[in-house]
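Student:
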Amino acid sequence: MPRDPRFDPLFAPLKIGPVTAPNRFYQVPHCTGMGYAMPQTLAAMRAVKAEGGWGTVCTEYCSIHPTSDDHPSPFASLWDQGDVANLAVLAEGVHRHGSLCGVELWHGGLRSANLLSRQTPIGPNSLPADKAPLQARRMDLADIRDYRRAHRAAALRAREAGADLVYVYASHTYLLSQFLDRRINRTIVGYSGSIENRVRIIRELIEETQEAVGDALAVAIRIEVDAEATPGDDPDGERRAIFELLKDGPDLFDVTITDYSQEMGVSRFVHEASLEPLIAHVRGIVQKPVVSVGRFTTPETMLSQLKRGIVDLIGAARPSIADPFLPKKIAEGRPDDIRECIGCNICYASDIQGVPLRCTQNPTMGEEWRRDWHPDRMPRAQQSERILVVGAGPAGLEAALTLAQRGHQVTLAEARRDLGGRVTLESKLPGLGEWARVRDYRQYQLSKCDNVEIFRESRLSAADVRELSPRHVLLATGSHWRADATGHSFPAGNPGIDLAIALTPDDLMAGKRPADRAKPVIVFDDDHYLMAAVLAELLGREGYAVTYVTTAGVVGFWSRFTMEQARSQARLIEVGVQIIVSHAVDSVHGDQATLSCVFSGRRRDLPCGAFVPVTSREPDDTLWHELQTDTAANAAAGIAGIQRIGDCKAPGLIAHAVYDGHRTARRIDGDQATGEDLPEEPPFRRDRVVISAVL
Ligand code: ADP
Ligand code: SF4
């Protein structure tokens, strides 16, 4: 289909200093959990973004020198010629598709504990580093000279590698924002004190970088519109003054805010284009191209940002992860095919845990090189087969779609009227509405396939499966939350729980509520992600007196990886939920619960009229077991293989279920259906150095 001409402005080239971006889709620097350690994985992933139409594709934070080492988080680096060689592969992959390659030159300053390089951290003040009980060495003028020299050398290496744009990175609390921060930068003569002094290092770096890279590369700045000391605000106009001082310097302003939990916010708390009111004034000051982010997934919103002069380029990290082909889909007149980011931040959780990026919506993310998976092209099966998928949750929907795209004949049976499984239920909980996109994208894509039949309100038995006589069966029958508190603390369940007053998350999602509204409810979180917090919020909003009890030290401990822990805890406080941390619920009987401290074992009693255990889930694998009991009957029905996928195999995140459905669907061809849970060798290429000679 031709592109809707309304969207033409998104495809207009834009001059950025000496280079020209082919369009307005700009993949801002974002972490990957790959960094310098997995250069092939990284290069292939970035190249796919360019192939998908992102006109500018940037690296993640790229260390200029070993005094800036973020281990164990995998950062990019430009320390030596080895790094140049690897970046050159990335840049070449991006150029192959006509896009620009940007490099975010980075120094972490006092935050970098340098656990790998063991160099002493440096910063404008001697304050604690991030990852070790260690303070930075206060920089002097000689250090500033060395730092400038290192920055220049890294910029030259970026040029050598073929980059088109380099950043002077002055945000996110790293070294240059430490210089800007008057609370931190207090003593360096000529570089501390006045605004002019604190900005000086940035102006020098911009000039020196431009002088070093000449007319070949653009120089961008990434900078916040507010200060760490006054997040969300610029009360004395200091930041405005900083933009005034810098306005003629860099070729591009990549603007952001100091509150990372908003900039990178989960959809539970933050929606599309949320930065607009905070950054809209910048373009009026700087007269240079401006880019900013906002988890943009709607072409209309992107267009509106351009037309109203908020930004010149549409910055995106997560939307480009969820759909590397987002720009192409708009260009080809099929914006309805965009696989929209759901704002769950599972991508960020991967990176922060030091492993390659994964994505709930895009199972191919991080697999471009090691498995040769492409987000928009599916290899056809050599032999088309009739395949039955039982269950239309995330695993079943993704498997059915992938199988259909590979040319199989697919039957999808779902017990309920609605498709989507857990996603349909969970997306009705407070703040989780966007999660329905996991279902909606797949349901829409399936509706366009003529090789898929969907049967709703069709709960299948083993006899039904055999009667349908498919060649392969994928069971995606899901899981349910356990009522007896089985989980981390009670692996064999907790016999002290009176099941008569237990309500599971599934009960609550099905609309059940505690019998007596006047009695207090205890939500017990031994799961540590977000379900318990969301349910406590739900009940608190409905007027129940809720106590949230967790064995961890904070609300939703694991959700710190998705950058929502602090907001989640704040939300419970706002809603009036009482929070008790570091306690297990030992027993619930009558109107009373007994808790025990996870450290001391000391007990305390609480009134309790209803108990919501959020601890673990039981796989719904009855159908699987039934089918296993008579393999001869399966063979007689012509069934060559039966596999479980998703939560009915191993309950997990939606991301796990989607991935499992996708992976399994890629592995079915003819009678072959290779599982890979216990493979004889790694089922993917490994990105690591192999020593060529035995020493
Ligand atoms: P997953 O995350 O693994 O996709 P879900 O729990 O989200 O799992 O979805 C499982 C889906 O399977 C639910 O919609 C459920 O109604 C459906 N289902 C479970 N058992 C059967 C069955 N025997 N026949 C058809 N559908 C089933
Ligand atoms: Fe968006 Fe979630 Fe994918 Fe991240 S993991 S890109 S937040 S859908």
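Be aware that the sequence shown starts at -7, since it is given in this note's numbering, and climbs by one per residue.
Cβ coordinates follow ideal geometry from the N, Cα and C atoms, glycine included.
The structure presented is a predicted model; accordingly, all values stated were derived computationally and were not measured.
(1) For Arg214, report the span of its beta strand (DSSP E) as first-last.
(2) With a CB to CB cut of under 6 Å and the five nearest residues on each side skipped, what residues in its chain are close to Ala544?
(3) Return the chain-ordered list of same chain residues with a C-beta closer than 6 Å to the C-beta of Met370, the five sequence neighbours on each side being excluded.
(4) Using C-beta distances below 6 Å, list every residue in its chain close to Tyr159, excluding the 5 sequence neighbours before and after it, in chain order.
(5) Using 8 Å as the cut-off, can you tell me whether the segment 576 to 589 makes contact with the segment 486 to 493, which would need three or more C-beta pairs spanning the two stretches below that distance?
(6) Use the C-beta contact count for Ala627: other C-beta atoms within 10 angstroms, 16 or more gives buried, fewer gives exposed.
(7) Looking at Gly615: is its Cβ nearer than 9 Å to the Cβ of Val382?
(8) Could you have a look at Arg595 and say whether DSSP puts it in helix, strand or coil?
(9) DSSP puts Phe447 in a beta bridge; with which residues?
(10) Only counting the same chain, and skipping five residues up and downstream in sequence, which positions put a Cβ closer than 8 Å to that of Ala4?
(11) Beta carbon of Gly412: closer than 8 Å to some heavy atom of the ligand ADP?
(12) By a C-beta neighbour count over all protein chains shown, 10 Å radius and 16 as the cutoff for buried, is Ala134 buried or exposed?
(13) Go ahead and label Tyr433 buried or exposed: buried means 16 or more other beta carbons lie within 10 angstroms of its beta carbon, across all protein chains shown.
(14) State the Cα-Cα distance for the pair Glu618 and Ala454, rounded to the nearest angstrom.
(15) Under 6 Å Cβ to Cβ from Ala387, same chain only, skipping five residues before and after it: list those, please.
(16) Measuring only from the beta carbon, is Cys640 closer than 8 Å to any heavy atom that is part of the ligand ADP?
(17) According to DSSP, is Gly630 helix, strand or coil?
(18) Assuming Lys320 contacts Gly45 (C-beta within less than 8 Å), just tell me the rounded distance between them.
(19) Let me check understanding here. Comparing Cα to Cα, which of Ser588, Gln620 and Arg533 lies closest to Ile631?
(20) Nearer than 8 Å: is that true of the beta carbon of Leu530 relative to any heavy atom of the ligand ADP?
(21) On the three-state DSSP scale, how would you describe Asp246?
(22) When you compare only the Cα positions, how much space is there between Thr12 and Arg310?
(23) Nearest by alpha-carbon distance to Phe603: which of Phe553, Met501, Pro497 and Pro21 is it?
(24) Note down, one range per segment and in chain order, each beta strand (DSSP E) of at least 3 residues found wholly within the segment 19 to 52.
(25) As an exercise, report each continuous alpha helix (DSSP H) stretch of at least 4 residues that is fully enclosed by the segment 331 to 356, in chain order.
(26) Going by other Cβ atoms of all chains shown within 10 Å of its Cβ, with 16 needed for buried, is Gly182 buried or exposed?
(27) Taking 9 Å as the threshold (C-beta atoms), are Asp243 and Arg463 in contact?
(28) Which residues does DSSP list as the beta-bridge partners of Thr586?
(29) Give a single yes or no on whether Pro319 has its beta carbon closer than 8 Å to a heavy atom of the ligand SF4.
Tutor: Reading off the structure:
(1) Residue numbering aside, residue 214 sits at position 222 when the sequence shown is read from its first letter. For Arg214, the enclosing beta strand (DSSP E) stretches over residues Ala210 to Glu216.
(2) As a working note, residue 544 is residue 552 in the sequence shown. If we look at Ala544 and ignore the five residues flanking it on each side, its Cβ neighbours are His520.
(3) Locating residue 370 in the sequence shown gives position 378, counting from the first residue. Excluding residues within five positions, the ones whose Cβ falls inside 6 Å are Gln397 and Arg398.
(4) On the sequence shown, position 167 is the one that residue 159 refers to. The residues are Glu96, Leu97, Ala212 and Arg214.
(5) A contact exists between the segment 576 to 589 and the segment 486 to 493.
(6) Along the sequence shown, one-based indexing puts residue 627 at 635. The residue is exposed, with fewer than 16 neighbouring Cβ atoms inside 10 Å.
(7) Numbered from its first residue, the sequence shown carries residue 615 at position 623. Numbered from its first residue, the sequence shown carries residue 382 at position 390. Before going on, a small fix: residue 615 reads as Leu here, not Gly. Annotated as proximal: Leu615 and Val382, with beta-carbon spacing under 9 Å.
(8) Reading the sequence shown from its first residue, position 603 is the one you call residue 595. In this structure, Arg595 counts as strand in the three-state DSSP scheme.
(9) Your numbering for residue 447 matches position 455 in the sequence shown. In the DSSP assignment, the residues bridged to Phe447 are Ala405.
(10) Here residue 4 refers to the residue found at position 12 of the sequence shown. Taken in chain order, the residues that qualify are Asn15 and Arg16.
(11) The residue labelled residue 412 in the question sits at position 420 within the sequence shown. Relative to the ligand ADP, Gly412 has its C-beta within less than 8 Å of a heavy atom.
(12) Within the sequence shown, residue 134 is the residue found at index 142, counting from 1. Answer is exposed; the Cβ neighbour count stays below 16.
(13) Walking along the sequence shown from the start, residue 433 turns up at place 441. Tyr433 should be labelled buried.
(14) As a working note, residue 618 is residue 626 in the sequence shown. As a working note, residue 454 is residue 462 in the sequence shown. Roughly 6 Å between the two C-alpha positions.
(15) Numbered from its first residue, the sequence shown carries residue 387 at position 395. These residues qualify, in order along the chain: Ala468, Ile637, Gly638, Ala649, Asp652 and Gly653.
(16) Locating residue 640 in the sequence shown gives position 648, counting from the first residue. Checking the Cβ of Cys640 against the ligand ADP gives yes.
(17) Counted from its first residue, the sequence shown places residue 630 at position 638. If DSSP states are grouped into helix, strand and coil, Gly630 belongs with coil.
(18) Looking up residue 320 in the sequence shown gives position 328. Looking up residue 45 in the sequence shown gives position 53. Contact holds; Cβ gap of about 4 Å.
(19) Here residue 631 refers to the residue found at position 639 of the sequence shown. Considering only alpha carbons, the answer is Gln620.
(20) Residue 530 sits at position 538 when you count from the first residue of the sequence shown. Result no, Cβ not under 8 Å from the ligand ADP.
(21) Taking the sequence shown and counting its residues from 1, one reaches residue 246 at position 254. Residue state, collapsed to three classes: strand.
(22) Against the sequence shown, residue 12 aligns to sequence position 20. Against the sequence shown, residue 310 aligns to sequence position 318. Going by the C-alpha atoms only, they are around 24 Å apart.
(23) The count along the sequence shown starts at 1 and reaches residue 603 at position 611. Closest option to Phe603, Cα to Cα, is Pro497.
(24) Entirely contained in the segment 19 to 52, not one beta strand (DSSP E) run reaches 3 residues.
(25) Fully enclosed alpha helix (DSSP H) runs of 4 or longer: 338 to 344.
(26) Translated into positions along the sequence shown, residue 182 becomes position 190. Classification for Gly182: exposed.
(27) Mapped onto the sequence shown, residue 463 falls at position 471. Mapped onto the sequence shown, residue 243 falls at position 251. Contact flag unset, no.
(28) Here residue 586 is taken as the residue at index 594 of the sequence shown, counted from 1. Answer is Ser579 and Asp597, bridged to Thr586.
(29) Working through the sequence shown from its first residue, we reach residue 319 at position 327. Outside the cutoff, so no.
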